[in-house]
Structure formats: structure tokens, C-alpha cells
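Protein chains in written order, with the working numbering: chain U, 96 to 436; chain P, 96 to 436.
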């Protein structure tokens, strides 16, 4: 998963920024505190840990999940400092799963870049992932909120379960749409949902607001993953960049493929069986796959599904009074889908 | 790590049982509750999870760490049920690290058996490890004890840090005794210390008793690892079984080797450099290594060091009033060393 969000530069006028950028401006001091916590907690006398963690965590500054935590806390009128720790914990859990995923996926490249395990080795990626995961729980403990801890701990279980389920369905072209949705709800959306839900918890807001923010996070997470899955086949762009095809090469069957296979004729079915089930691929197969998905209209329909979830996410916020922050968070949901264009 | 503890059979008279067996009799109903929690929390609709977890967690019924938790709780007069959850959490953390270690170590065999990753694959071992680790935190959350959670969370960080440090010193024959002790204190003893420390925490006992039980666990953990390291070269036995040589084959430099290298002449130094640093080994090298360690007396001195820690562990319990349980826990420390004979 990668979030190709462009970060604001000082000279860029606010009006021209996208919703993620506007949120980063609104939450600038919060995010600086989160960044500093993240950097601080990656330290260790064991040199590999900060090196590898920095490669992953501080490299691009992709911080969508912690941004959702601090923005949600702001919308809940939270006045304390614990949201920074929870936001950093959320990013650590995300980073730990990324490190472990790199080993699990065995890819030489991820989004066109060498994953950490190809630089430092599998062993380091596994163990530094464990270190970050434990570090996430240390941060949560410091907040003293057992309820927030419970939400993030349960999310961690669900993520791992979702990843195992995804593994079980690897190279299975007959995976159902329901199973696929279960997988992405677990492996991706659960952490988004937890990231937003912990804010009303520490702000001691109502059960209704807690449910609303959880729903917002869950829906934005589903939209995010669906878009990611479409982007892996180039989305609606005509030219294929080098950062595509990871899922295809790994034999991960995502929604565009599931839907295309359902309506496929003999030739297409034989193709999908060869490249996915037998996992025999040639250099031109990715292009063929994309042409099949475009002809079937399933990249389009996957993105439409994502937009529906983004609308649901915006709708979930309607329980909160209108504000600049609420509309920016609502816009962010749409932007998660529109980032493809 | 493996604990070759024989479990009591109903027909075996108590007097003939070793301290681990006597403890298991004393704590039988507690351990049954822990076992049932462990089995319960390994369940998942994703079939690989219970399969793989069962292979690891329920297979041999090796339960030294949770046994220490429930026995410590008994010595603290604890009357609740939360010690079962903490004991199960301790076992889950241990199991998660074992699963990840198997992938990290890349061994075909561990103690003469195929590790889980050689049966289910690296990906499953990593992800089910994550699932068990998250499951440990779910169990801790249910106890409501933030203090116990803090102790086990910090221990998890320390374990991961110790494992990374061990990795950094792999195939380094010049590792110092101080660095080695830091590594085993982190990778092994920290979890033993946490396993015993959480008992006085939930029993709301004094700081002094908490420190004493932490110290007991720490020292028993150090003794345990030192004995493990000596046993990997056959301990003081003359015949080498098939369950030896894991550390040697992996290029892990442990105390017997560190001490032997310090007093080695040219021939021995060349040998250790070849088998450890260059990591070029032939079929007879393990036997040669054992003969060098025996000649240098470092298996003996490692075991003496372990016995010293075992004595310290027993001594740490002197803060508690004399009781059958206290003396059995004290005997257990000695047994951790004597299990070699």
C-alpha cells in the first residue's frame, strides 16, 4: 500500500492544496509532534533498528493514518496530548505490517522500489517489525487508555487474520467478492477504523460519535484499498508506469480481476488461470490483463465502488456540526478516490 | 529454545517427580485453565491459524513460562482469575517469537524437528506469529491491568531488540561476554522476568515483592539460556544426540565458544574463524567444536555460571515466607540447570 499524497510546500497557496494537504496544514503542529514521537521511538542502541525503521517510517512522510487520528481528535474537541501517541502507535502498527508484508510477498520490487527486506534481509525486516509493533503498544500504554488499547489491539488481531486469509486465497482465481471484501476490511480498513475510533475514545465523546468516526475510518479504508487495487493495474490511465503490477505478479486476486473473471469467455478464463493459478507469466501478460480489465469495465466499476464508500465515509461525519474540519475530512474521503486522476 | 521437561503421569508418585512436575501438580487446575484459554484463543475461521498455532503451542505442552506466572500468583496469594490470561499471554508472546525465530534462523531442523515454517512456509509463520502476538495483547487488555500490560509490552520491545542485536552479532567470533549477556538478558530472560513480575502486580503486593519475583524470573531466564547454550553442544554428555548443533550450524556465538576462543591457540582460532566467521563447515566440525569446548572447560564453566544464576533465583525468593510453594519454585531454578544430567 502506498499513498501518493503530495505534501504542501510553504509557497503553495492553501486554496490550491488537495484535501490531504489542507488537513496537514490544519494539523501541522499535531503532525510535527507525531513525527517527533515516531523518530524518538525508533531509536535503539542496536543500529539496524533506527536505520531500517527510518527507511520505512520517516522516508516519504506518508502519514495518512496518523493524520486521521489527530484530525478526528480535533473534531472531537480533544484538548490533551495522548492523540499524538495513539497516532504514532497507528503508524508503527502500519509500518510493522508493511515490513512483514514485504517478506511475505517475496517481491523484488514494491511500487518500483526495493523493499526493506531486499536491502537489510528478511530477518531484520521481521524483527524490526516486531520491535515497531511492541513500540506501538508501549505508546498506547503511556496514554493510560485501556479502551483505546483494546481497539488497536483487536485491530491488530484482525489485520493478521486478514493477511493470513489473503495468503490462503493467493492464486485462487475463484475467490468470491464477499471473501475479497472480508480480506480488505480486515487487512486494510480495520486499522483506518481504529485510527479514527481512538480519537472519540480519549476525548470521551458519545457512543454515537465513536461509532460515526469508526464508520468514517472503515469506509475510507475500504475506498483506499479498492483504489489501490485498481491503481495496481494503472487505474484509468492509458500508460502503465513502473509502479504497477505488484498484485498481478504475486498472484493476488483483487476486485477488478474477480469481476472480470466472472464475465470472462474461454480465452480470458484460460489466460487468468495460467497467470494466476498456474502462476506462469510472460512480459506482455500484465498489458493483456489490463486490456481485459478495461474491456470488462471492472477497473471502472471498482473505482465506482470506492467512490460509494467515500460517499458513505463523508456521510458518516454528518453527526458532527458543520465545520471547516468536517468538510475537509469529508473531502479527504473523496480525494482518496480522486488521487488516481 | 526448548524445555525438555517431562510431564507427570497420574501413576507417578509425587516424591519422584522433579520440581517442574511438582509445580505442575500444585498448579494443575490453574494450568488446565491456561491451556483451555490458549486453545480457545488460537481459534479462527482462517484454518491455517489454528493448525499452525496448534503445532507450536499445544504440541508438546511445554509451558514453563506460564507455569511461572501462575505459581508466582499463588505465592502472592492472588485470588482472582486474571493470572490465567496473563499466563496465556506470556505463552503467546513466547510462541510468536519462536515462529519468527524459525524464519529468521533459516534452519532446516530445530532440535532435530522440522520447524513450522518448513511445513507451512515463511509467510504463514510470520503472520500467525503476528496473530498470536496481537492475541497476547487482547488477553492482557481483558485483565484491565495497565501495569501488567506495561511490563509485558516493554518486555516485547526488549525481546525484539535483543533478537536484532543477536542478528547483528551472528558469525562474529569476537563478540564480548558483556554483549552476549546483554543479548540473552533481552531475548530470553526479559520474558521470564515479566512472566513472574505480573503476578505480584495483579495481586497488588509490595514493590519489594514485585522486585523479588522479577529478579527470580530474570535469573531463572539467564540460567535457562546458559544451559540451553551448553546443551546445544551436548552439555556434559559424551554422546551427541541429533538435537544438538543448531547454534553451531547457524553461526551463533554463545558463551562456551566466546570463552574457548579467548584462550584458543592458532589452530583453534583458525578453526573457529572458518566455521563461524567464514561459515564454512564440514560434517565432522561439530565434533571438533565440542572437543575444543570440553578441552577448554567452557561447557563446564557456562553451566557453573548457570548454577550461580539459579542460586541467585532461589535467593531472590527469600523475601517470601517459607512454604512448600516457595521451596518448589526455588528447586525449579536448580532443576533448570540440572535437567542436563
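Where is the CB? At the ideal position from N, CA and C, for every residue including glycine.
Exercise for the section: Identify whether residue 347/P lies in helix, strand or coil by the three-state DSSP scheme. Expected result: Coil, per DSSP.
Practice task
Report yes if the CB atom of residue 228/P is closer than 8 Å to the CB atom of residue 188/P, and no otherwise.
Solution key: Yes, the pair counts as a contact, with Cβ atoms nearer than the cut-off.
Handout entry: Residues bridged to residue 208/P [DSSP beta-bridge criterion]
Key = Looking at the DSSP assignment, residue 208/P forms a beta bridge with 205/P.
Handout entry: Alpha carbon of residue 191/P to alpha carbon of residue 224/P, nearest angstrom
Key = Distance between the alpha carbons of residue 191/P and residue 224/P is about 4 Å.
Exercise for the section: Find the residues of chain P that neighbour residue 172/U, judging by a C-beta separation of less than 7 Å, and give them in chain order. Expected result: Going along chain P, no residue has its Cβ under 7 Å from residue 172/U, so there is no contact; the nearest lies around 25 Å.
Practice task
Taking the CB atoms as reference points, tell me whether residue 308/P and residue 291/P lie closer together than 8 Å.
Solution key: In contact: residue 308/P and residue 291/P (Cβ atoms closer than 8 Å).
Handout entry: Inter-stretch contact at 8 Å, needing at least 3 Cβ pairs: the stretch 344-353 of chain P / the stretch 267-278 of chain P
Key = A contact is defined here as three or more CB-CB pairs under 8 Å, and the stretch 344-353 of chain P meets this definition with respect to the stretch 267-278 of chain P.
Practice task
Anything in the stretch 205-229 of chain P with a Cβ closer than 9 Å to a Cβ of chain U? List those residues in chain order, please.
Solution key: Those residues of the stretch 205-229 of chain P that come within reach of chain U (Cβ to Cβ, closer than 9 Å) are 216, 217, 218, 219, 221, 222, 223, 224, 225, 226, 227, 228 and 229.
Exercise for the section: Please state if the CB of residue 125/U and the CB of residue 195/U are separated by a distance shorter than 8 Å. Expected result: Cβ atoms of residue 195/U and residue 125/U: not closer than 8 Å.
Exercise for the section: Consider the Cβ of residue 256/U: report whether some Cβ of chain P lies at a distance smaller than 8 Å. Expected result: For residue 256/U, the answer is yes, since a Cβ of chain P falls inside 8 Å of its Cβ.
Exercise for the section: Give a yes or no on whether the minimum CB-CB distance between residue 183/P and chain U is below 8 Å. Expected result: It does not: the Cβ of residue 183/P has no partner Cβ on chain U nearer than 8 Å.
Problem - CB contact flag (residue 315/U, residue 141/U, <8 Å) - result: Not a contact, by the Cβ cut-off of 8 Å.
Exercise for the section: Pull up the distance between the alpha-carbon of residue 148/U and that of residue 416/P, whole angstroms please. Expected result: The C-alpha of residue 148/U lies about 47 Å from the C-alpha of residue 416/P.
Exercise for the section: Tell me whether the beta-carbon of residue 183/U lies closer than 8 Å to the beta-carbon of residue 161/U. Expected result: Yes, these two residues count as a Cβ contact at 8 Å.
Practice task
Look up residue 316/U in the DSSP assignment and say whether it is helix, strand or coil.
Solution key: Here DSSP, grouped into helix, strand and coil, assigns residue 316/U to helix.
Problem - Boundaries (first-last residue) of the alpha helix (DSSP H) holding residue 415/P - result: In the DSSP annotation of this structure, residue 415/P is not part of any alpha helix (DSSP H), being labelled neither H nor E.
Exercise for the section: Label residue 413/U either buried or exposed according to how many other C-beta atoms from any shown protein chain fall within 10 Å of its C-beta, with 16 as the threshold for buried. Expected result: Exposed is the call here.
Handout entry: Rounded distance between the beta-carbons of residue 122/P and residue 165/P, thought under 8 Å
Key = Confirmed, Cβ separation roughly 5 Å.
Exercise for the section: Let me know the secondary structure DSSP gives residue 106/P once reduced to three states. Expected result: A caution first: residue 106/P carries a pLDDT of 49, below 50, which makes its placement in the model unreliable, though a value can still be read off. In the structure shown, residue 106/P sits in coil (DSSP, three-state: anything other than H, G, I, E or B).
Practice task
Determine whether the Cβ of residue 239/U lies closer than 8 Å to any Cβ atom of chain P.
Solution key: The beta-carbon of residue 239/U is placed less than 8 Å from the nearest beta-carbon of chain P.
Exercise for the section: Would you decide whether residue 230/P is buried or exposed? Buried here means 16 or more other CB atoms lie within 10 Å of its CB. Expected result: Answer is buried; the Cβ neighbour count reaches 16.
Practice task
On a CA-only basis, which of 399/P, 400/P, 402/P and 370/P is nearest residue 387/P? Give me that one, please.
Solution key: For residue 387/P, the nearest C-alpha among the options comes from 370/P.
Exercise for the section: Would you identify the three-state DSSP class for residue 113/P, choosing helix, strand or coil? Expected result: In the structure shown, residue 113/P sits in coil (DSSP, three-state: anything other than H, G, I, E or B).
Handout entry: Contact list for residue 244/U against chain P, beta-carbon separation under 9 Å
Key = The answer, in chain order, is 232, 235, 236, 241 and 244.
Practice task
Determine, using beta carbons only, whether residue 353/P comes closer than 8 Å to chain U.
Solution key: Interface with chain U (8 Å Cβ-Cβ cutoff): residue 353/P is excluded.
Practice task
Step through the CB atoms of chain U and report whether any lies within less than 8 Å of the CB of residue 372/P.
Solution key: Output row for residue 372/P: interface = no.
Practice task
Write down the C-beta distance between residue 81/P and residue 205/P rounded to the nearest angstrom, noting that I regard them as a contact closer than 8 Å.
Solution key: The structure shown does not extend to residue 81/P, since chain P is modelled only from 96 through 436, so no value can be given for it.
Exercise for the section: Examine the Cβ distances between the stretch 394-401 of chain P and the stretch 316-332 of chain P and report whether three or more of them are shorter than 8 Å. Expected result: Segments in contact, yes.
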